[in-house]
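A.B. asks: Everything in the sequence shown is counted per the UniProt record's numbering, starting at 1 for the first residue and increasing by one. Note that beta-carbon positions come from the ideal geometry of N, C-alpha and C, so glycine has one too. Here you go, one structure.
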Amino acid sequence: MSKNPGRKKSAALTKVQGADRNRTILIQVAVAAVLIGLVAAIGVGIAIKKARRDDPGPTPEIAASKSTTELAASITDTGAIRLSKPGAKVTVRMIADLQCPACKTFEGANSQVLEDTVKSGTSAIEYNIISFLDQASGGTEYSSRAANAAYVLAGTDPTKFQDWLARMYAQQPPEGATGLPDSTIIQIAKDAGYNDADITKDITDRKYDKFVKARTKDVFATGVKSTPTVYINGKQLSGQAMAGGLGPAIQAAAGAQ
1 MSKNPGRKKS AALTKVQGAD RNRTILIQVA VAAVLIGLVA AIGVGIAIKK
51 ARRDDPGPTP EIAASKSTTE LAASITDTGA IRLSKPGAKV TVRMIADLQC
101 PACKTFEGAN SQVLEDTVKS GTSAIEYNII SFLDQASGGT EYSSRAANAA
151 YVLAGTDPTK FQDWLARMYA QQPPEGATGL PDSTIIQIAK DAGYNDADIT
201 KDITDRKYDK FVKARTKDVF ATGVKSTPTV YINGKQLSGQ AMAGGLGPAI
251 QAAAGAQ
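Here's what the structure looks like:
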C-alpha cells in the first residue's frame, strides 16, 4: 500500500500553523498583561500623587491644661488657636495674616486689651492665622512660614504666644519686600521665651504648612473677604466698631450675658 506524502505535509503544516497561533496567543496575552500592569501602575501613581496632594499633613496639638485657674489652650474646629480661662463669657475670633499691614495696625491698637481680658477670664481669644499674602513677600512665602511658626509655638507653650505675636507684628516687613527669614522668626521666638529644641526644626521644616493652607481655603470658603476679620460671640464686627477698639465691644458682650 503506497503512503500519501501530501497528507503528511498537510499535517505538518497544520502543526506548524497551530504552533504559530499558540505563540501569537501567548504574545498577545503577554502584551495584554504588560499593558494591564502599566495601566495599573499609572493608576496607582495617580492615586499616590492625589493622596499626597490631598494629605492635610499633621494637625497642631496643644496639651490640655489641668489647671482650673490658669490659661487653657486648644485648636478649634476652624483651626484657630484658642486661649482662655475657664468661664470666659466672651469669645473673640480674629482672622489675620502676619503679612497684613491692617492686621498689624489692629494688633497694635488691641493686643493689650486682648491680653488683659484673657488673663482676667473675661474673654477667650481665637486666632485664625492664615496665609493668603505669600505673593507680597518677594517670593519668600512669608505668610505661610509665619503662620506655620504660629502653630508650632502655640503648641509648644501657649502662654508665650501673644507676646511672640506682638513681636512679630512689630517686625513685620513691608508688603512687597522680602519676608523675614526663618532665622529671624526663630530669634523672635527666643526673645519671647521659647527655647524648646524642636522649634528650629519645626519652623524650618514648615511642619504645619499643609494645615495652614487648608485652613486658609476653609476660611475664605465661609465668605471672609479680607483681614483682619473679627467676630465677638459669632457676630462679625463692622469696620466702625473695630476702629473704636475691642475693649468696649468685649465689655458690652460680657454685660449682655
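To test your reading of the DSSP string, which unbroken alpha helix (DSSP H) runs of 4 or more residues are found completely within the stretch 56 to 130?
C.D. replies: Here the runs fully enclosed are 101 to 120.
A.B. asks: Per DSSP, Asp231 forms a beta bridge with which residues?
C.D. replies: With the sequence shown as reference, residue 231 is identified as Tyr, and Asp is not the correct amino acid for it. According to DSSP, which records beta bridges pairwise, Tyr231 is partnered with Arg93, Gln236.
A.B. asks: Can you tell me where the alpha helix (DSSP H) holding Ala177 begins and where it ends?
C.D. replies: It is not in any alpha helix (DSSP H) - Ala177 carries neither H nor E in the DSSP assignment.
A.B. asks: Of all the options Val113, Pro60, Ser84, which has the alpha carbon lying nearest to the alpha carbon of Met242?
C.D. replies: Checking every option, the nearest Cα to that of Met242 belongs to Val113.
A.B. asks: My understanding is that Tyr169 touches Glu107, with C-beta atoms under 8 angstroms, so please give their C-beta distance in whole angstroms.
C.D. replies: The pair is a contact, with the Cβ atoms about 5 angstroms apart (cut-off 8 angstroms).
A.B. asks: What is the DSSP secondary structure of Gly255, reduced to helix, strand or coil?
C.D. replies: Gly255: helix per DSSP, three-state reduction.
A.B. asks: Less than 6 angstroms between C-beta atoms, sequence neighbours within five positions excluded: which residues of the same chain meet that for Ser123?
C.D. replies: Cβ within range, chain order: Ala88, Val90, Val92, Thr117, Ile250.
A.B. asks: What would DSSP say about Gly247, mapped onto helix, strand or coil?
C.D. replies: Three-state DSSP puts Gly247 in a helix.
A.B. asks: Can you give me the start and stop residues for the alpha helix (DSSP H) that Arg206 sits inside?
C.D. replies: Element bounds for Arg206: n/a, residue is neither H nor E.
A.B. asks: The alpha helix (DSSP H) with Asn148 in it runs from where to where?
C.D. replies: It spans 142 to 156 - the alpha helix (DSSP H) in which Asn148 sits, taken as one unbroken run.
A.B. asks: Identify, in the order they occur along the chain, each residue of the same chain with its Cβ nearer than 6 angstroms to the Cβ of Tyr231, setting aside the five sequence neighbours on each side.
C.D. replies: Closer than 6 angstroms at Cβ, skipping near neighbours: Arg93.
A.B. asks: In angstroms, rounded to a whole number, what distance separates the CA positions of Pro158 and Ala146?
C.D. replies: Their backbone Cα atoms lie some 16 angstroms apart in a straight line.
A.B. asks: Compare the Cα-Cα distances from Ala256 to each of Asn233, Leu246, Gly245, Gly239 and report the closest residue.
C.D. replies: Minimum Cα distance to Ala256 is reached at Asn233.
A.B. asks: List the endpoints of the continuous alpha helix (DSSP H) containing Lys190.
C.D. replies: Element bounds for Lys190: 182 to 191.
A.B. asks: Expressed to the nearest angstrom, what Euclidean distance is found between the alpha-carbon atoms of Pro181 and Thr216?
C.D. replies: The straight-line gap from Cα to Cα measures roughly 22 angstroms.
A.B. asks: Suppose the cutoff is 6 angstroms on Cβ atoms and the five residues either side in sequence are ignored; what does the same chain contact list for Gln172 look like?
C.D. replies: Here the set comprises Lys104.
A.B. asks: Could you spell out the range, first to last residue, of the alpha helix (DSSP H) harbouring Ala170?
C.D. replies: Run containing Ala170: 161 to 170, per the alpha helix (DSSP H) assignment.
A.B. asks: Ser143 and Thr178 - do their beta-carbons sit closer together than 8 angstroms?
C.D. replies: Against a cut-off of 8 angstroms, the Cβ pair of Ser143 and Thr178 comes out as no contact.
A.B. asks: Alpha carbon to alpha carbon, how far is Ile27 from Gln135? Give it in angstroms, no decimals.
C.D. replies: The alpha-carbon atoms of Gln135 and Ile27 are separated by roughly 55 angstroms.
A.B. asks: Ala197 and Pro60 look like a contact to me (Cβ under 8 angstroms); what is the Cβ gap, rounded to whole Å?
C.D. replies: With 8 angstroms as the limit, Ala197 and Pro60 do not qualify as a contact, their Cβ atoms being about 18 angstroms apart.
A.B. asks: With DSSP collapsed to three states, give me the class of Thr222.
C.D. replies: Reduced to three states, the DSSP call for Thr222 is coil.
A.B. asks: Near Arg167, what residues of its chain come up, given a Cβ to Cβ distance below 7 angstroms and the 5 sequence neighbours on each side ignored?
C.D. replies: Excluding positions up to five away in sequence, the list reads Ile188, Asp191, Ala192.
A.B. asks: Considering Cα atoms alone, identify which of Glu115, Glu126, Pro228 is closest to Arg82.
C.D. replies: When each option's Cα is compared against that of Arg82, the closest is Glu126.
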